[in-house]
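Participant: Got a structure here, written out as structure tokens. Questions coming.
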Amino acid sequence: MKKKISLIGAGQIGGTLAHLISVKELADVVLFDVSEDVAKGKALDIAQSTSVDGFDVNLIGTSNYEDIKNSDVIIITAGVPRKPGMSRDDLLGTNLKIIKQVSEGIKKNSPNAFVICITNPLDIIVMALQKYSGLPKNKVVGMAGILDSSRFKYFLSQELKVPVKDINTLVLGGHGDTMVPLPDHTTVNGKPLKQLIKDVKLEKIIDRTRKGGAEIIKFLEKGSAYYAPAASGVEMAESYIKDMKKTLPCASYLNGEYGVKNLYAGVPVIIGKNGVEKVVEVKLSDKEKEQFNLSIKAVQELYKTAQKIDPEL
Ligand code: TXD
């Protein structure tokens with residue numbers, strides 16, 4: 001039975017998601033946007049590449065929430081992206097209002113879907129999405145850690161002149177400047193990273209990873225990164241649809257794990273047919289724990305701001 005993925009937001013990331021999902025023949029695609037013509041135009045454009053790339057999926061563009069009925073997966077990018085000089089947190093007020101509207105649409109039309117949120121500020125928006133929609137916490141997750149880990153791996157591969165596939169790493173915590181790349185949990189061909197790189201170089205790469213989004217925004221000016229974010233979202237959707245039980249760093253609900261309760265933050269989780277099937281607790285050094293707790297504090301502070309905007313949260 002063909003699966004169905006609905007994409008709420010047909011902008012830079014939404015359109016790229018639709019194309020990647022189609023080429024991988026992961027599922028039929030519903031491209032939803034308040035700008036219905038954008039959704040229809042992109043769906044039609046990708047559909048017209050079917051004969052070239054030889055994939056067999058149906059795509060529709062719409063602004064009618066009824067079209068997302070019975071989705072297996074919903075990926076949300078609806079919202080405004082950053083402009084140069086803006087922080088992810090600056091998007092809070094606008095994107096909270098949007099995610100409330102999106103949550104209503106999902107709750108009414110596709111409450112059994114596995115929902116992947118991409119919209120920033122990610123950790124807060126995914127938590128608001130779960131609260132507004134009332135969907136089970138293990139079926140609502142945020143995409144950030146895969147992207148941040150992928151950026152970290154790329155920068156390391158360029159520095160060490162090794163293929164990215166030889167690098168294993170993890171980035172924990174909030175999707176912001178306090179995110180926590182874990183050098184002590186990073187290996188290159190099985191060798192500990194710290195044996196291969198000087199501290200000064202490593203610190204520079206960690207800083208560049210934290211600012212990876214802003215670096216791209218500076219180049220693009222009108223918009224933020226979309227190829228790597230879309231690829232990261234598709235990896236999560238695929239692990240769910242194919243029950244691959246991959247361990248992936250995602251913004252997930254914590255109920256005591258890592259000493260954190262009732263908050264979404266980036267941790268390694270197993271994603272399979274039941275959604276987030278397990279939070280994987282890795283052993284953190286004292287320094288890593290301290291950085292992780294700082295990152296959690298930043299998420300908690302921003303969530304308090306969100307609650308001032310909407311006491312319902
Ligand atoms: O790692 C991550 N999670 C981040 C997330 C990585 C990169 C970008 N990040 C965030 O994703 C970014 O800060 C934004 O908040 C979202 C989407 O970024 P994108 O670059 O795709 O933004 P666009 O191109 O502006 O697309 C947003 C679309 C646009 O077509 C709007 O018309 C639509 O969202 N939109 C809506 N769709 C449905 N419903 C409502 N209410 C709505 N409002 C706007």
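Mapping to my numbering: the sequence shown position 162 is 162, numbers consecutive.
All C-beta atoms in this analysis are idealised placements derived from N, C-alpha and C, irrespective of residue type, glycine included.
#1: For Pro181, verify whether its CB is less than 6 angstroms away from any heavy atom of ligand 1.
#2: Does DSSP put Thr77 in a helix, in a strand, or in coil?
#3: Does the Cβ of Gly266 have 16 or more other Cβ atoms within 10 Å, making it buried, or fewer, making it exposed?
#4: In or out: Asp72 buried (at least 16 other Cβ within 10 Å) or exposed?
#5: Is Leu20 near ligand 1, judged by its Cβ being under 6 angstroms from some heavy atom?
#6: Quick check on Leu294: buried or exposed, where buried means 16 or more other Cβ atoms within 10 Å of its Cβ?
#7: Going by Cα to Cα distance, which pick from Gly272, Leu263, Pro81 is closest to Lys297?
#8: Quickly, what does DSSP pair Asn255 with across the bridge? List them, please.
#9: Less than 7 angstroms between C-beta atoms, sequence neighbours within five positions excluded: which residues of the same chain meet that for Arg210?
#10: At which residues does the alpha helix (DSSP H) containing Leu91 begin and terminate?
#11: Identify which residue in Gln300, Leu122, Ala231 has its Cα closest to the Cα of Lys261.
#12: Let me check understanding here. Comparing Cα to Cα, which of Gly61, Asp33, Val38, Ile74 lies closest to Val234?
#13: For ligand 1, is there a heavy atom less than 6 angstroms away from the beta-carbon of Asn262?
#14: Whose CA, out of Met236, Gln12, Cys250, lies closest to the CA of Met244?
#15: Take every Cβ of the region 98 to 112, pair it with every Cβ of the region 133 to 141, and state whether three or more of those distances are shorter than 8 angstroms.
#16: Apart from the five residues just before and just after Gly15, which ones in its own chain have a Cβ nearer than 6 angstroms to its Cβ?
#17: Please report the straight-line C-alpha distance between Val141 and Ser63, rounded to a whole angstrom.
#18: Check whether the region 184 to 194 touches the region 156 to 176, counting contact only when three or more Cβ pairs, one atom from each stretch, lie closer than 8 angstroms.
#19: Enumerate in chain order the residues of its own chain whose CB-to-CB distance from Gly93 is below 7 angstroms, with the five nearest sequence positions on each side excluded.
#20: For ligand 1, I want to know if Gly9 counts as a neighbour, meaning its beta carbon is within less than 6 angstroms of at least one of the ligand's heavy atoms.
#21: I need the boundaries of the beta strand (DSSP E) containing Phe114, first residue and last residue.
#22: Would you mind sorting Pro311 into buried or exposed? The rule is 16 or more other CB atoms within 10 Å of its CB.
#23: Hey, how far is the Cα of Tyr154 from the Cα of Lys191?
#24: Can you confirm whether Tyr154, when its beta carbon is compared against all beta carbons of chain C, has any partner nearer than 7 angstroms?
#25: For Ser6, does the count of other Cβ atoms within 10 angstroms reach 16, so buried, or fall short, so exposed?
#26: Can you give the Cα-Cα distance for Val164 and Thr247, rounded to whole angstroms?
#27: For Asn168, verify whether its CB is less than 6 angstroms away from any heavy atom of ligand 1.
#28: With a cut-off of 8 angstroms, do at least 3 Cβ pairs link the region 21 to 34 to the region 83 to 97?
#29: Beta carbon of Gly212, beta carbon of Pro81: below 7 angstroms?
#30: Closer than 6 angstroms to a non-hydrogen atom of ligand 1 - does that hold for the CB of Thr315?
#31: Leaving out the 5 sequence neighbours to the left and right, which residues in its chain are closer than 6 angstroms to Gln291 when beta-carbon positions are compared?
#32: Assuming Leu96 contacts Ala144 under a Cβ cut-off of 8 angstroms, what Cβ separation, rounded to an integer in Å, is found between them?
#33: Taking DSSP as the reference, what is the three-state secondary structure of Leu305?
Facilitator: On the basis of the data shown:
#1: no
#2: coil
#3: buried
#4: buried
#5: no
#6: exposed
#7: Leu263
#8: Lys261
#9: Asp177, Met179
#10: Premise fails: Leu91 is in no alpha helix (DSSP H) and is neither H nor E.
#11: Gln300
#12: Ile74
#13: no
#14: Met236
#15: yes
#16: Lys42
#17: 23 angstroms
#18: yes
#19: Ile309
#20: yes
#21: 114 to 117
#22: exposed
#23: 17 angstroms
#24: The structure shown contains no chain C; it is built from a single protein chain.
#25: buried
#26: 18 angstroms
#27: no
#28: no
#29: no
#30: Given a span of 1 to 313 for the chain in the structure shown, any question on residue 315 remains unanswerable.
#31: Val180
#32: The pair is not a contact, with the Cβ atoms about 17 angstroms apart (cut-off 8 angstroms).
#33: For clarity, residue 305 is Thr in the given sequence; the question names Leu instead. Residue state, collapsed to three classes: helix.
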